[in-house]
Amino acid sequence: MSPDSEELLSAVREAVAGVTKKWDRTYYMDCTRRGVAPTEMYETMAQQGLFALGVPEALGGAGGGLTATAAVMEEMSRAGTPPMLFSLTSFARQSIIRHGTPEQIRRLVEPTLTAQQSMCFAITEPDAGTNSFAMQTLARRQDDGTYVLSGQKIFISGADQATHIMIVARTTPASEVAKKSEGISIFVLPRDTPGVSMTAMNIDWKAPERQFSVWFDNVVLPSDSLIGVEGKGLSSMFDSLNAERVVIAAWTLGLGYLALNKAVSYARERSPWGAPIGSYQGVSHPLARAKAQLEAARAMNYRAAERFDRGEEAGDDANIAKYLASEASYAAVDAAIQTHGGSAFDEDSDVITLFPMIRILRVAPLNNEMILNYIANHMLGLPRSY
Ligand SMILES: Cc1cc2nc3c(=O)[nH]c(=O)nc-3n(C[C@H](O)[C@H](O)[C@H](O)COP(=O)(O)OP(=O)(O)OC[C@H]3O[C@@H](n4cnc5c(N)ncnc54)[C@H](O)[C@@H]3O)c2cc1C
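Numbering (UniProt numbering), first residue to last: 1 to 386.
Dropping the structure here:
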């Protein structure tokens with residue numbers, strides 16, 4: 001990491017501390033139990049200028065790039081308060097910054113700098129899943145230039161809290177394109193657009209945000225809802241998705257460090273045989289291994305972020321970082337559970353409560369098998385099996 005980044009990170013750390021001192025893990029879990037949005041936390045994040053990070057100063061943002069965004073996510077997660085809407089909005093707006101018109105940036109990005117507007121991201125469909133090319137949600141262009149959008153998305157996180165939905169949809173059905181990667185477009189629409197409805201899914205991942213099935217029933221979209229070029233949404237999407245991998249890696253890393261720190265504190269104190277259990281290598285080695293894995297994943301993640309910020313191809317590093325970070329955090333939480341013994345399963349110790357989210361981040365937003373496919377196919381040049 002460059003000295004510039006070190007300076008940036010310490011400024012971010014200080015600003016995040018201004019949020020998490022007030023809106024801590026207890027507050028976050030209280031919101032989770034009550035099923036309410038952590039609105040106060042987002043307000044304080046906005047006051048600290050954190051939502052403006054990651055957007056170039058020329059566009060009214062505070063700069064700092066993806067490196068700063070990842071740092072916010074990691075620090076907030078280390079405190080046990082991962083800000084999901086911040087994460088979604090931060091990576092979704094990358095497509096608009098890079099491919100939107102000045103008017104779209106004014107309308108859709110500027111209000112996110114103060115958290116007046118936020119975005120959720122809708123790509124997953126019931127029958128397509130990992131295979132996004134098989135998506136069926138269709139936006140048909142009308143003679144007057146508007147689009148009519150119909151289809152269903154599932155697992156859409158924070159769909160009830162975000163003011164806007166960034167949706168990936170087909171503008172040409174898969175059966176009518178030469179390559180299945182063609183005919184896919186990105187739109188952004190206000191969540192309360194007529195024809196949009198949603199139902200909460202039953203996912204308990206110990207977070208204040210829920211996932212939703214979202215239906216689009218002949219939703220009329222003005223032509224300026226389209227981001228970038230019609231049918232060429234895939235490349236715009238990858239600007240958001242590479243950013244997403246880095247932000248998600250930072251998210252899971254922060255939680256991994258939190259689990260590890262809790263385990264280390266417990267291992268120093270707990271002494272059923274007289275000596276602290278942390279003196280037994282059966283306990284300390286899994287924790288030491290997790291520490292090594294977390295540090296390696298973190299270094300890779302900041303390398304990916306810096307590449308992205310320099311405008312270089314960051315896909316390889318971003319994919320590796322997401323893979324390593326989610327596996328390292330999983331190792332950390334598993335070791336933390338083992339270290340805590342039975343008390344890990346008492347929700348009051350707040351160990352088992354870290355598990356579902358860390359485990360999910362090996363599956364979502366992109367499962368680790370697909371990342372290994374990416375590494376095998378794109379980096380090693382091995383043939384695809386699917
Ligand atoms: C808590 C949570 C939040 C989410 N939030 C969002 C969101 O905000 N927006 C959104 O659009 N989606 C969201 N998702 C959806 C998530 O991105 C998908 O669950 C994920 O991409 C996997 O898709 P799937 O569940 O359909 O799995 P499937 O495609 O059915 O795959 C199942 C399993 O098969 C394996 N697999 C699949 N394909 C391959 C392959 N080619 N090679 C090897 N193995 C393979 C993997 O192990 C995978 O886990 C969320 C999911 C969860 C659980």
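Glycine included, each C-beta is placed from N, C-alpha and C at the ideal position.
Residues bridged to residue i (per DSSP)
{"i": "residue 133", "result": "Partner(s): none; residue 133 has no beta bridge."}
{"i": "residue 164", "result": "119, 190"}
{"i": "residue 140", "result": "148"}
{"i": "residue 170", "result": "138, 184"}
{"i": "residue 318", "result": "Looking at the DSSP assignment, residue 318 forms no beta bridge with any residue, so it has no partner."}
{"i": "residue 63", "result": "53"}
{"i": "residue 226", "result": "187"}
{"i": "residue 199", "result": "213"}
{"i": "residue 232", "result": "184"}
{"i": "residue 153", "result": "214"}
{"i": "residue 221", "result": "147"}
Proximity of residue i and residue j at Cβ, strictly below 8 Å
{"i": "residue 216", "j": "residue 149", "result": "yes"}
{"i": "residue 258", "j": "residue 290", "result": "no"}
{"i": "residue 249", "j": "residue 322", "result": "yes"}
{"i": "residue 81", "j": "residue 118", "result": "no"}
{"i": "residue 306", "j": "residue 67", "result": "yes"}
{"i": "residue 114", "j": "residue 46", "result": "yes"}
{"i": "residue 244", "j": "residue 84", "result": "no"}
{"i": "residue 301", "j": "residue 371", "result": "no"}
{"i": "residue 158", "j": "residue 136", "result": "no"}
{"i": "residue 191", "j": "residue 171", "result": "no"}
{"i": "residue 156", "j": "residue 189", "result": "no"}
{"i": "residue 98", "j": "residue 239", "result": "yes"}
{"i": "residue 95", "j": "residue 237", "result": "yes"}
{"i": "residue 219", "j": "residue 193", "result": "yes"}
{"i": "residue 103", "j": "residue 224", "result": "yes"}
{"i": "residue 247", "j": "residue 76", "result": "no"}
{"i": "residue 419", "j": "residue 19", "result": "Outside the shown range of the chain, which is 1 to 386, sits residue 419, and nothing can be said about it."}
{"i": "residue 242", "j": "residue 345", "result": "no"}
Whole-angstrom C-beta distance between residue j and residue i, which should lie under 8 Å
{"i": "residue 233", "j": "residue 175", "result": "Actually they are not in contact, since the Cβ atoms of residue 233 and residue 175 sit about 18 Å apart, beyond 8 Å."}
{"i": "residue 391", "j": "residue 167", "result": "Because the chain in this structure spans residues 1 to 386, residue 391 falls outside the shown range and cannot be described."}
{"i": "residue 24", "j": "residue 71", "result": "Contact doesn't hold; Cβ gap of about 19 Å is too wide."}
{"i": "residue 187", "j": "residue 139", "result": "6 Å"}
Among the options, nearest to residue i - alpha-carbon criterion
{"i": "residue 364", "options": "142, 331, 129, 19", "result": "129"}
{"i": "residue 254", "options": "271, 4, 208, 13", "result": "13"}
{"i": "residue 125", "options": "299, 214, 30", "result": "214"}
{"i": "residue 221", "options": "144, 41, 74, 20", "result": "144"}
{"i": "residue 63", "options": "8, 104, 95", "result": "8"}
{"i": "residue 132", "options": "104, 151, 169", "result": "169"}
{"i": "residue 112", "options": "53, 236, 373", "result": "53"}
{"i": "residue 262", "options": "106, 92, 198, 339", "result": "339"}
{"i": "residue 122", "options": "110, 101, 91, 56", "result": "91"}
{"i": "residue 348", "options": "204, 11, 30, 16", "result": "30"}
{"i": "residue 313", "options": "127, 280, 355, 379", "result": "379"}
{"i": "residue 49", "options": "375, 276, 15", "result": "15"}
{"i": "residue 368", "options": "278, 345, 100, 324", "result": "324"}
{"i": "residue 355", "options": "326, 373, 366, 375", "result": "326"}
{"i": "residue 353", "options": "55, 28, 57, 181", "result": "28"}
{"i": "residue 264", "options": "298, 315, 382, 337", "result": "337"}
{"i": "residue 374", "options": "316, 195, 41", "result": "316"}
{"i": "residue 388", "options": "42, 296, 297, 311", "result": "This structure gives no information on residue 388, because the portion of the chain shown stretches from 1 to 386."}
{"i": "residue 251", "options": "335, 60, 235, 298", "result": "298"}
{"i": "residue 256", "options": "294, 274, 280", "result": "294"}
{"i": "residue 106", "options": "281, 55, 266, 292", "result": "55"}
{"i": "residue 100", "options": "59, 120, 163, 32", "result": "59"}
{"i": "residue 37", "options": "183, 311, 163", "result": "163"}
Specify whether the stretch 285-297 and the stretch 354-365 touch according to this definition: at least 3 beta carbon pairs, one from each stretch, less than 8 Å apart. no
If contact is defined by three or more beta carbon pairs under 8 Å, each pair taking one atom from either stretch, is the stretch 320-333 in contact with the stretch 220-231? no
Is it a yes or a no for the stretch 263-279 touching the stretch 379-386, going by three-plus beta-carbon pairs under 8 Å? no
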